[in-house]
Amino acid sequence: RVLKGAGNPISTSVIRERLLDKMADTSRMVERLYQKGLVLRSSCKFDKRLVDVSISPEGEKLLSGLKNINPGLDEILAGLTEEEAEMLSGLLDKARGGVRLDG
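Adding 13 to a residue's 1-based position in the sequence shown gives its number in our numbering.
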């Protein structure tokens, strides 16, 4: 969602700022997505210490398929405040019981 909403490549530091889970290890998350071919990485033009990340064509294809699974989800979640979204994220993590889907 963060990358899709950005429209252009954004750095991992911007991704970290926009994530609900501020403790998330953004670099590892991006690395896993990169290894799966879902994102592209490039050197930041303005700060060589940073890496810009964008959605790959394969990632776009996956996102398109996800929209078909639950087309009304964005509309449902749009009414949540940031605090409510963080609470929902925590509850979903708890319901998942620590099962990692991205491994």
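Glycine included, each C-beta is placed from N, C-alpha and C at the ideal position.
Presumed contact (8 Å Cβ cut-off) between residue i and residue j, rounded CB distance
| i | j | result |
| --- | --- | --- |
| Leu104 | Ile68 | Not confirmed; about 27 Å, so no contact. |
| Gly72 | Val52 | 6 Å |
C-beta contact flag for residue i and residue j at 8 Å
| i | j | result |
| --- | --- | --- |
| Asp65 | Ser24 | yes |
Residue i versus the options, residue with shortest Cα-Cα distance
| i | options | result |
| --- | --- | --- |
| Pro70 | Arg41, Ser26, Leu46 | Leu46 |
| Ser55 | Ala91, Lys80, Asn21 | Asn21 |
| Leu63 | Asp106, Leu101, Ser40, Ala91 | Ser40 |
| Asp60 | Leu101, Val27, Lys107, Leu32 | Val27 |
| Leu76 | Glu30, Glu96, Gly50, Ala108 | Gly50 |
Unbroken alpha helix (DSSP H) run spanning residue i, endpoints
| i | result |
| --- | --- |
| Ser26 | 25 to 31 |
| Ser40 | 39 to 48 |
| Ser67 | No alpha helix (DSSP H) contains Ser67, which is instead part of the beta strand (DSSP E) from 64 to 68. |
| Leu90 | 86 to 90 |
Opening and closing residue of the beta strand (DSSP E) in which residue i lies
| i | result |
| --- | --- |
| Leu53 | 52 to 56 |
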